[in-house]
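Colleague: Before I ask anything, here is the structure I am working with.
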Amino acid sequence: MVKIEFFEVDHVFILKTPRFNWILSQSSDIKHNLAHSYCLPKSISDVQRQAGSSETGTDVLSPVLSKALDYGPMKGSEALRSNISHLYSSESSSPLSIEKIVTTPGASLANFIVLYALLGPGDHVIVQYPTYQQLYAVPASIGTDVSLWKTSQSEDWKLDLDELEKLIRPNTKMIIINNPQNPTGAIIFKQTLERIVQTARKHSITVFSDEVYRPLFHSVSPTDSEYPPSILSMGYDNTIATSSLSKAYSLAGLRVIDLCVNVRSYALITASQIDEYLASFVLGPPVRQLIEGNRILTKENLNIVQSFIDKNTSFCEWTRPEGGPIGFIRFVRSGRPVDDVVLCTQLLEKRGILLVPGRKCFGDGINFSGYIRLGFGGDTDELIAGLEALQSFLDNDYMDVPLSPCA
Ligand SMILES: Cc1ncc(COP(=O)(O)O)c(C=O)c1O
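Residue numbers (full-length UniProt numbering): 1 to 407.
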């Protein structure tokens, strides 16, 4: 039997308390869900309205109604792959051929397929850390040696390239990065990406970049020289990117992404043609407005969270996220980290606030005591209400939260 770690970020919410003994992210006891990592989910009508097609009398769903629901193409729909190719090619001097694009229902499956297909026992991978647990737990589960390429808040979560050289072994097969990064919202800028690619090229190592939060950047614009390109446009063939409609595109319900590997056939044969059709629609003309809307929303919401942190500097601190709809906040008392698991449990029980405890969900390789991940990509009024509830907890109950046992 394959041994795989418990996937904490999805299951931590099944807390064994009498009141909360089910998947809490779906529970009506949650009044303020700040644990999510996506932007405000959209309906098909929202997207259609944004695209203006309802005004011109075109119903986005009508072509689906007459579609025979058989298997689709083995690499995914051509229309969808073509739209993905346009998106990536528009940012690069060299076009991305649709032959190099494969769709899957969601980045989770894409990541799984890439890792499962390209790695095995005896291989070694280097994984930027902290990051989404899947990116290091899946390689470990199939017998691959994993080195965590650790970053810290004191270095603003920046990667140390000398450290990368030191981590490389003769059997290093892959460098795995996540740009922008979950849970910190840190970005790997262009120059660092170039250095990573240079190092990988020197040792013939594949660079695999999980780009689900791309292109949601807050601190850099496409005209800046340090704007991070996709790993696919760095002029190195040995690169793979996964992406998704879940995060920056607000459509987690549509499970479609791009990458290139044929293990897909073992996992799903082909994706749902309806999903692929809708994804293709969204990644066509509506995409610009969709991304721009989410960039404005996350920037505004980020400023609201920043004001909250500025108001509570004796209790919390963070490195301001540079991209994505998530941030990693450290809660302290008299300079020492509190127990983030107890903090999250009490916030849920006393105020109905759902947050992600860092030590439990991201702390395999470093002790992230006191850290919680907060999602700010949702509705602005709901974020404000959630932060007000958090403020009330800080004002009235915070002193009862114990300090971290690991501090
Ligand atoms: C870094 C990262 N990669 C992949 C995923 C999974 O994305 P999807 O919803 O498309 O499966 C997530 C979801 O939280 C994520 O944070």
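For each residue, glycine too, the CB sits at the ideal point set by N, CA and C.
If distances are taken between C-alpha atoms only, which option among 61, 389, 39 comes closest to residue 45?
Modeller: 61
Colleague: How big is the Cα-Cα spacing for residue 120 and residue 144?
Modeller: 5 Å
Colleague: Can you give the Cα-Cα distance for residue 377 and residue 334, rounded to whole angstroms?
Modeller: 30 Å
Colleague: Pull the bridge partners of residue 147 from the DSSP assignment, please.
Modeller: Beta-bridge pairing by DSSP links residue 147 to 126.
Colleague: In the segment 170-238, which residue ranges form an unbroken beta strand (DSSP E) of at least 3 residues, counting only runs that do not cross its ends?
Modeller: Whole beta strand (DSSP E) segments, 3+ residues: 172-178, 206-210.
Colleague: Kindly indicate which residue of 157, 395, 400 has the alpha-carbon position closest to the one of residue 328.
Modeller: 157
Colleague: Consult DSSP for residue 358 and reduce its assignment to one of helix, strand or coil.
Modeller: helix
Colleague: Are residue 164 and residue 196 touching if we call contact CB-CB under 9 Å?
Modeller: In this structure, the beta-carbon distance from residue 164 to residue 196 falls below 9 Å.
Colleague: Assign residue 231 to buried or exposed, taking buried as 16 or more other Cβ atoms, counted over all protein chains shown, within 10 Å of its Cβ.
Modeller: Buried.
Colleague: Is DSSP giving residue 120 helix, strand or coil here?
Modeller: coil
Colleague: Under 8 Å by Cβ, that's how I've got residue 264 and residue 104 pegged, so tell me the actual separation to the nearest angstrom.
Modeller: 6 Å
Colleague: Quickly, what does DSSP pair residue 337 with across the bridge? List them, please.
Modeller: Residue 337 pairs with 332.
Colleague: Could you name the residues of the same chain whose beta carbon sits closer than 8 Å to that of residue 2, not counting the 5 residues immediately before and after it, in chain order?
Modeller: 141, 142
Colleague: Quick one: residues in its chain with C-beta nearer than 6 Å to the C-beta of residue 387, no 5 flanking neighbours on either side, listed in chain order?
Modeller: 308
Colleague: Please classify residue 86: does DSSP put it in a helix, a strand, or coil?
Modeller: helix
Colleague: Between the segment 215-231 and the segment 334-353, do at least 3 Cβ pairs fall closer than 8 Å?
Modeller: The segment 215-231 makes no contact with the segment 334-353: fewer than 3 CB pairs, one atom from each, lie closer than 8 Å.
Colleague: Under a three-way DSSP split, which group does residue 373 fall into?
Modeller: In the structure shown, residue 373 sits in a strand (DSSP, three-state: E or B).
Colleague: May I ask you to verify whether the segment 308-317 touches the segment 275-291, counting CB pairs closer than 8 Å and requiring at least 3?
Modeller: no
Colleague: Locate the beta strand (DSSP E) running through residue 313, then write down its first and last residues.
Modeller: Looking at the DSSP string, residue 313 is not in any beta strand (DSSP E), and its letter there is neither H nor E.
Colleague: Do three or more CB pairs link the segment 205-222 to the segment 319-328 at distances below 8 Å?
Modeller: Per the Cβ contact rule, the segment 205-222 is in contact with the segment 319-328 (3 or more Cβ pairs under 8 Å).
Colleague: Apart from the five residues on each side of it in sequence, which residues of its chain come closer than 7 Å, Cβ to Cβ, to residue 398?
Modeller: 315
Colleague: Just reading off the beta strand (DSSP E) that residue 2 is part of, what are its end residues?
Modeller: Element bounds for residue 2: n/a, residue is neither H nor E.
Colleague: What is the rounded straight-line gap between the Cα of residue 270 and the Cα of residue 249?
Modeller: One alpha carbon belongs to residue 270, the other to residue 249, and they sit about 22 Å apart.
Colleague: Could you tell me whether the segment 168-177 touches the segment 118-137, where touching means 3 or more Cβ pairs closer than 8 Å?
Modeller: Output reads yes: the segment 118-137 touches the segment 168-177.
Colleague: For residue 395, does the count of other Cβ atoms within 10 angstroms reach 16, so buried, or fall short, so exposed?
Modeller: exposed
Colleague: Can you tell which of 161, 130, 183 has the C-alpha that lies nearest to the C-alpha of residue 38?
Modeller: Of 161, 130, 183, the residue nearest in Cα terms is 183.
Colleague: Using a Cβ-Cβ cut-off of 7 Å (strictly less than) and excluding sequence neighbours within five positions of residue 341, which residues of its own chain qualify?
Modeller: Setting aside the 5 residues that flank it on each side, residue 341 is surrounded in the same chain by 357, 359, 360, each with a C-beta closer than 7 Å to its C-beta; the list follows chain order.
Colleague: Is any non-hydrogen atom of ligand 1 found closer than 8 Å to the C-beta of residue 252, if you look at the structure I gave you?
Modeller: yes
Colleague: Helix, strand or coil for residue 390, going by three-state DSSP, please let me know.
Modeller: helix
Colleague: Just list the residues that DSSP pairs residue 241 with in beta bridges.
Modeller: 209
Colleague: With distances taken Cα to Cα, identify the nearest neighbour of residue 409 among 267, 297, 406, 167.
Modeller: Residue 409 lies beyond the range of the chain shown here (1 to 407); nothing can be said about it.
Colleague: Could you check the C-alpha separation between residue 134 and residue 234 for me, to the nearest Å?
Modeller: 25 Å
Colleague: Given the structure, does residue 136 come close to ligand 1, in the sense that its CB is under 8 Å from one of the ligand's heavy atoms?
Modeller: no
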